[in-house]
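K.L.:
Residue numbers (this note's numbering): 706 to 1090.
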């Protein structure tokens, strides 16, 4: 299944394939971005960075915004709730030449974020949303700035169309929509029809679709059904970084660096897993820490493959690359791709739940004094995202 070649332009950036790696906390660090880039083409975005932590130059945050020399274009996603702090964070990235593209997060559904009025809860306060986005665009100057959002808080409190018009008027370079509400979390099916409606409403900048892209065929289908200009891929690439090669072959032009289709035997997967671990060790500059970080990826990489529970448990406790090598050597590297057993949903979907919001948040779309005070607490966490 293929689509016509359609390079995606985000401001001055031209991508060979209209594909973006979605920011995922604890996942899309430099190591994972480099690995995905080795397989395909597109834009690879950092983990979500808290603006206050960046402005205060938190050590963890400064490490997370550092790109490997091979990464270009460099893309960083920011999370903020205060217009001044967000603008200052953008100015730092621009002045210190740390990014070629900046994205603002208005889609996070995690309760600890929405409870303070941030993430997918924030666009409900449309004036605040306008102030944050317009200030960030001005601070970015020639660096393209984009926004990523959800449909809204729940089905009774949709925000995406109003917010998109505001963002378009403010001068963003693209708008991405995850076709779920905060209440859905990652459950159920993404509403691609909302992406189509957004594409009809936004006429001057690209619209990107996000949600339920588990394969290249899904991406082709989303673009055909919604008319969107590109896709944003999150959970679908967990344990499957070569998906970006599949996407580049299906969606990219003749210049895309997609390579040949892969034969995802167990040996191929084992080599990808080992490469990921190696890059994590390099990123953390600590073998033990890198090998601890790869543990959460074990189930994703070997989904559907004949890898027993005991061996999976051993891989999930390995503390050195040599130990990982010894364990991988016991696998049947010629075992073929298991088909449907390795496909479909990856990562936790969760269940629909009532969004955690500040008291009285839904009473008005204006930001009152009480809500403003609550927002002031939203960036006290300087963990770096």
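Note that beta-carbon positions come from the ideal geometry of N, C-alpha and C, so glycine has one too.
Owing to the predicted nature of the structure, the values given are computational and were not obtained by experimental measurement.
Rounded to whole angstroms, what is the Cα-Cα separation between residue 1034 and residue 1041?
P.N.:
Position 329 of the chain shown, counting from 1, holds the residue named residue 1034. Position 336 of the chain shown, counting from 1, holds the residue named residue 1041. C-alpha separation (whole angstroms): 16 Å.
K.L.:
Evaluate residue 990 with the Cβ neighbour count: other Cβ atoms within 10 Å of its Cβ, from every protein chain shown; 16 or more gives buried, anything less gives exposed.
P.N.:
If you number the chain shown from 1, residue 990 lands on position 285. Burial call: exposed.
K.L.:
Please name the residue in 740, 782, 743 and 817 whose C-alpha comes closest to that of residue 756.
P.N.:
Taking the first residue of the chain shown as position 1, residue 756 is located at position 51. Considering only alpha carbons, the answer is 782.
K.L.:
Going by beta-carbon coordinates alone, are residue 1009 and residue 975 separated by less than 9 Å?
P.N.:
Your numbering for residue 1009 matches position 304 in the chain shown. Your numbering for residue 975 matches position 270 in the chain shown. Against a cut-off of 9 Å, the Cβ pair of residue 975 and residue 1009 comes out as no contact.
K.L.:
Tell me whether residue 911 is buried or exposed, calling it buried when 16 or more other Cβ atoms sit within 10 Å of its Cβ.
P.N.:
Locating residue 911 in the chain shown gives position 206, counting from the first residue. Counting the other Cβ atoms within 10 Å of the Cβ of residue 911 gives 16 or more, which makes it buried.
K.L.:
How many angstroms separate the CA atom of residue 753 from the CA atom of residue 877?
P.N.:
As a working note, residue 753 is residue 48 in the chain shown. As a working note, residue 877 is residue 172 in the chain shown. Going by the C-alpha atoms only, they are around 18 Å apart.
K.L.:
Counting only the same chain and skipping the five closest in sequence on each side, list residues whose C-beta sits under 6 Å from that of residue 1060.
P.N.:
Taking the chain shown and counting its residues from 1, one reaches residue 1060 at position 355. Closer than 6 Å at the Cβ level, and outside the excluded window around residue 1060, lie 819, 858, 887 and 888.
K.L.:
Could you compute how far the alpha carbon of residue 835 sits from the alpha carbon of residue 907?
P.N.:
Position 130 of the chain shown, counted from the first residue, corresponds to residue 835. Position 202 of the chain shown, counted from the first residue, corresponds to residue 907. Roughly 16 Å separates the two Cα atoms.
K.L.:
Tell me whether the segment 894-908 and the segment 819-834 touch, counting them as touching only if at least three CB pairs, one residue from each stretch, are closer than 8 Å.
P.N.:
no
K.L.:
Give me the residue from 967, 919, 923 and 852 with the minimum Cα distance to residue 785.
P.N.:
Taking the first residue of the chain shown as 1, we reach residue 785 at position 80. That would be 852, whose Cα lies nearest to the Cα of residue 785.
K.L.:
Could you spell out where the alpha helix (DSSP H) holding residue 817 opens and where it closes?
P.N.:
The sequence position of residue 817 within the chain shown is 112, counting from 1. It spans 816-819 - the alpha helix (DSSP H) in which residue 817 sits, taken as one unbroken run.
K.L.:
To which residues of the same chain is residue 732 closer than 8 Å at the C-beta, ignoring the five residues directly before and after it?
P.N.:
What you label residue 732 is simply residue 27 of the chain shown in a count that begins at 1. The residues are 752 and 943.
K.L.:
Within 10 angstroms of its Cβ, does residue 780 collect 16 or more other Cβ (buried), or is it exposed?
P.N.:
Translated into the one-based positions of the chain shown, residue 780 becomes position 75. By the 10 Å Cβ count, residue 780 comes out buried.
K.L.:
Just tell me which of 993, 789 and 725 has its CA closest to the CA of residue 982.
P.N.:
Sequence index remark: in the chain shown, residue 982 carries index 277 (1-based). Of 993, 789 and 725, the residue nearest in Cα terms is 993.
K.L.:
DSSP three-state label for residue 873, please.
P.N.:
As a position in the chain shown, residue 873 is number 168, starting the count at 1. Helix at residue 873.
K.L.:
Helix, strand or coil for residue 1039? Go by DSSP, reduced to three states.
P.N.:
Walking along the chain shown from the start, residue 1039 turns up at place 334. DSSP places residue 1039 in coil when its eight states are reduced to three.
K.L.:
Compare the C-alpha of residue 920 against each of 930, 948 and 773 and name the closest.
P.N.:
Stepping through the chain shown from its first residue, residue 920 is reached at position 215. The candidate whose alpha carbon is nearest that of residue 920 is 948.
K.L.:
Express the C-alpha separation of residue 998 and residue 874 in angstroms, rounding to a whole number.
P.N.:
Taking the chain shown and counting its residues from 1, the one referred to as residue 874 is at position 169. Taking the chain shown and counting its residues from 1, the one referred to as residue 998 is at position 293. Rounded to the nearest whole angstrom, the CA to CA distance from residue 874 to residue 998 is 41 Å.
K.L.:
If you run the structure through DSSP and keep just helix, strand and coil, what is residue 1010?
P.N.:
For the purposes of this step, residue 1010 is taken as the residue at position 305 of the chain shown. The answer is coil: DSSP assigns residue 1010 none of H, G, I, E or B.
K.L.:
Buried or exposed: which applies to residue 966, given that a residue is buried once 16 or more other Cβ atoms fall within 10 Å of its Cβ?
P.N.:
Position 261 of the chain shown, counting from 1, holds the residue named residue 966. Exposed.
K.L.:
Would the segment 761-779 and the segment 723-739 be scored as touching if the rule is three or more Cβ pairs under 8 Å?
P.N.:
yes
K.L.:
Based on Cα-Cα distance, which residue from 995, 842, 826 and 954 lies nearest to residue 860?
P.N.:
Residue numbering aside, residue 860 sits at position 155 when the chain shown is read from its first letter. When only C-alpha atoms are compared, the closest one is 826.
K.L.:
Could you give the uninterrupted runs of the beta strand (DSSP E) lying entirely in the segment 948-1035, keeping only those of 3 residues or more?
P.N.:
none
K.L.:
Using 10 angstroms around the beta-carbon of residue 789, count the other beta-carbons present and answer buried if the total reaches 16, otherwise exposed.
P.N.:
If you number the chain shown from 1, residue 789 lands on position 84. Burial call: exposed.
K.L.:
Under 9 Å between the Cβ atoms of residue 716 and residue 849?
P.N.:
Position 11 of the chain shown holds residue 716. Position 144 of the chain shown holds residue 849. A contact, by the Cβ cut-off of 9 Å.
K.L.:
Buried or exposed: where does residue 923 fall if 16 or more other Cβ atoms within 10 Å of its Cβ makes it buried?
P.N.:
Residue numbering aside, residue 923 sits at position 218 when the chain shown is read from its first letter. Answer is buried; the Cβ neighbour count reaches 16.
K.L.:
If you draw a straight line from the C-alpha of residue 828 to the C-alpha of residue 988, how long is it?
P.N.:
Within the chain shown, the letter at position 123 stands for residue 828. Within the chain shown, the letter at position 283 stands for residue 988. About 35 Å.
K.L.:
If I measure Cβ to Cβ from residue 1072 and keep anything under 7 Å in the same chain, skipping five residues before and after, which residues do I get?
P.N.:
The residue given as residue 1072 occupies position 367 in the chain shown. Same-chain partners within the cutoff: 830, 832 and 833.
K.L.:
Where does residue 900 sit, in a helix, a strand or coil, going by DSSP?
P.N.:
Counted from its first residue, the chain shown places residue 900 at position 195. Here residue 900 sits in helix by DSSP.
K.L.:
Spatial neighbours of residue 713 within its chain, please: CB distance less than 7 Å, with the 5 preceding and 5 following residues excluded, ordered by chain position.
P.N.:
Stepping through the chain shown from its first residue, residue 713 is reached at position 8. The residues are 720, 723, 911, 934 and 935.
K.L.:
Whole angstroms are fine: how far does the CA of residue 1016 sit from the CA of residue 925?
P.N.:
Position 220 of the chain shown, counted from the first residue, corresponds to residue 925. Position 311 of the chain shown, counted from the first residue, corresponds to residue 1016. Straight-line Cα distance between these residues: approximately 36 Å.
K.L.:
Could you tell me the distance, in whole angstroms, from the CA atom of residue 812 to the CA atom of residue 1077?
P.N.:
Numbered from 1 along the chain shown, position 107 holds the residue referred to as residue 812. Numbered from 1 along the chain shown, position 372 holds the residue referred to as residue 1077. So the alpha carbons of these two residues sit roughly 20 Å apart.
K.L.:
By DSSP, does residue 852 sit in helix, in strand, or in coil?
P.N.:
Stepping through the chain shown from its first residue, residue 852 is reached at position 147. In the structure shown, residue 852 sits in a strand (DSSP, three-state: E or B).
K.L.:
In this structure, does DSSP put residue 805 in helix, strand or coil?
P.N.:
To locate residue 805, count along the chain shown from 1; it is residue 100. DSSP places residue 805 in coil when its eight states are reduced to three.
K.L.:
When DSSP labels each residue in this structure, what does residue 1090 get in the three-state scheme?
P.N.:
Looking up residue 1090 in the chain shown gives position 385. The predicted position of residue 1090 is uncertain, since its pLDDT is 29 and thus under 50; a value taken from the coordinates is nonetheless stated next. Correct three-state label for residue 1090: coil.
K.L.:
Going straight from the alpha carbon of residue 870 to that of residue 1004, what length do you get?
P.N.:
Position 165 of the chain shown holds residue 870. Position 299 of the chain shown holds residue 1004. Roughly 41 Å separates the two Cα atoms.
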